[in-house]
Amino acid sequence: MPYIDKATALKIGIETPVLIDVEDISYSVKTDKAGRNIYRNTISKVQPDRVVRRHIEISFKFPLVGKEGGVSTNLELFKACECTVTYDSNTGKTTITPATRTPETVSFELYRAGKVFKGEKGKGNIKIEIKSGSIPYVTYSFTALITDIEDASLPTETAESVAEPLVAENVSILVGESQYPVTCESFELDFGLDVKPRAAITAPGGIAEIVVQERAVNGKFNPDAENRATFDVWGPYLGNGTDPIVVDGSNPTMGVVQPGSRYRITLPRVSYTNIQDAVNDGVVVDEIQFEAVGVDDEFKIEVW
Numbered sequence: 000m001p002y003i004d005k006a007t008a009l010k011i012g013i014e015t016p017v018l019i020d021v022e023d024i025s026y027s028v029k030t031d032k033a034g035r036n037i038y039r040n041t042i043s044k045v046q047p048d049r050v051v052r053r054h055i056e057i058s059f060k061f062p063l064v065g066k067e068g069g070v071s072t073n074l075e076l077f078k079a080c081e082c083t084v085t086y087d088s089n090t091g092k093t094t095i096t097p098a099t100r101t102p103e104t105v106s107f108e109l110y111r112a113g114k115v116f117k118g119e120k121g122k123g124n125i126k127i128e129i130k131s132g133s134i135p136y137v138t139y140s141f142t143a144l145i146t147d148i149e150d151a152s153l154p155t156e157t158a159e160s161v162a163e164p165l166v167a168e169n170v171s172i173l174v175g176e177s178q179y180p181v182t183c184e185s186f187e188l189d190f191g192l193d194v195k196p197r198a199a200i201t202a203p204g205g206i207a208e209i210v211v212q213e214r215a216v217n218g219k220f221n222p223d224a225e226n227r228a229t230f231d232v233w234g235p236y237l238g239n240g241t242d243p244i245v246v247d248g249s250n251p252t253m254g255v256v257q258p259g260s261r262y263r264i265t266l267p268r269v270s271y272t273n274i275q276d277a278v279n280d281g282v283v284v285d286e287i288q289f290e291a292v293g294v295d296d297e298f299k300i301e302v303w
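The numbers in numbering that gives the first Met the number 0 rise by one with no breaks, and the one at position 205 of the sequence shown is 204.
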């Protein structure tokens, strides 16, 4: 009997894997090949290659939400993406800031098509997308050492409970020192982490660890085009300056606000890398791309 796509589950965590309700999950088992190129009186391949340096890559989406009373697993995963994650019990707020060479890694169990794929010591990248008509999503992409593939049934426990995500509406986006409130259809933020397996002949399987080599935080948004006297992005762009950006989703007008459903993203200094004219629903907009600059302070994400 074939397995349906929905018969998929993921348990993942920093210390102990926890079942969470993910979306759009995909995986790929990656390998290198080692073999001999033997010269004989034939063009045929004399000996087969051997599979070496095996690892696994997974990606999935989860809403940008937390939970009441502590750090939810989906937010704790930021620790394996070169971030510090803290929780304030007085305010109920989880705060995420960038860091360098964090020791935390992820372990996971991916249940799919009658099997479980097990990974450990994983590191990853984060992308956040806030778009009109949708809920705010985080896309996680992890690279990990693959430890086993076994036949297994889906887990029977209940997935971790988190706040109900809010629809992206009445989101405040303030840009520049004047904190100009732009009108735009979407906002995206990519941590830009370069995640790779580290090869080593001294390690079992030929991979010592999964390392993050670089972070280049970038993003884009598409505000309505304005004259420069009202909203000037051309000055910082052409003059090599920077602007702050604050994206605040803490004041919705639709839905019930639960502990963990509100969020705020603060980018103290962004440098614009491209501005392009576009049309959105008949309105002229500026498609703006940016890089966030700083030293372990490129952004702050608050969820409460």
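The C-beta atom is built at its ideal place from N, Cα and C for all residues, glycine as well.
The closest CA to that of G293, considering only E286, D276 and T265, is found on T265. Excluding the 5 residues flanking it on each side, E81 has same chain C-beta neighbours closer than 7 Å at P97, A98, T99, T101, L192, V211 and R214, in chain order. In this chain, the alpha helix (DSSP H) harbouring Y236 covers W233 to L237. A check of alpha carbon separations from I244 across V269, G281 and D223 identifies V269 as the nearest. In the DSSP assignment, the residues bridged to N273 are Q288. Burial state of Y262 is buried, judged by a 10 Å Cβ sphere holding 16 or more other Cβ atoms. Taking a C-beta distance under 8 Å as the contact criterion, I125 and Y139 qualify as a contact pair. Non-local C-beta neighbours of E290 in its own chain, meaning closer than 7 Å and more than five positions away in sequence, comprise A215, V216, N217, V269, S270 and T272, ordered along the chain. Between K117 and the set N89, D150 and I129, the nearest pair of CA atoms involves D150. By the Cβ neighbour-count rule, N239 is exposed, with fewer than 16 other Cβ atoms within 10 Å of its own. Taking the Cα positions, A224 is about 13 Å away from V174.
Within 10 angstroms of the beta-carbon of L144 lie 16 or more other beta-carbons, which makes it buried.
Bridge pairing for V17: I11 [DSSP]. Taking the CA atoms as reference points, I148 sits about 35 Å from G68. Closest in C-alpha terms to A277, from the list S249, C183, G234 and Q257, comes C183. DSSP places E187 inside the beta strand (DSSP E), whose first and last residues are C183 to D189. The region 244–257 and the region 279–288 do not touch, with fewer than three beta-carbon pairs separated by less than 8 Å. If you look at L109, you'll find it in the beta strand (DSSP E) that goes V105 to R111. A distance below 8 Å separates the beta carbons of I37 and V45. Residues K29, T142, A143, L144, I145, P196 and I206 of the same chain have their beta carbon placed closer than 7 Å to that of H54, with the five preceding and five following residues left out of the count. Beta-bridge analysis with DSSP links C82 to P97. Put simply, of V232, I24 and W303 the residue whose alpha carbon is nearest the alpha carbon of P164 is W303.
Here the alpha carbon of T85 sits roughly 51 Å from the alpha carbon of R35. Following the DSSP letters along the chain, one finds N40 in no beta strand (DSSP E), marked with neither H nor E.
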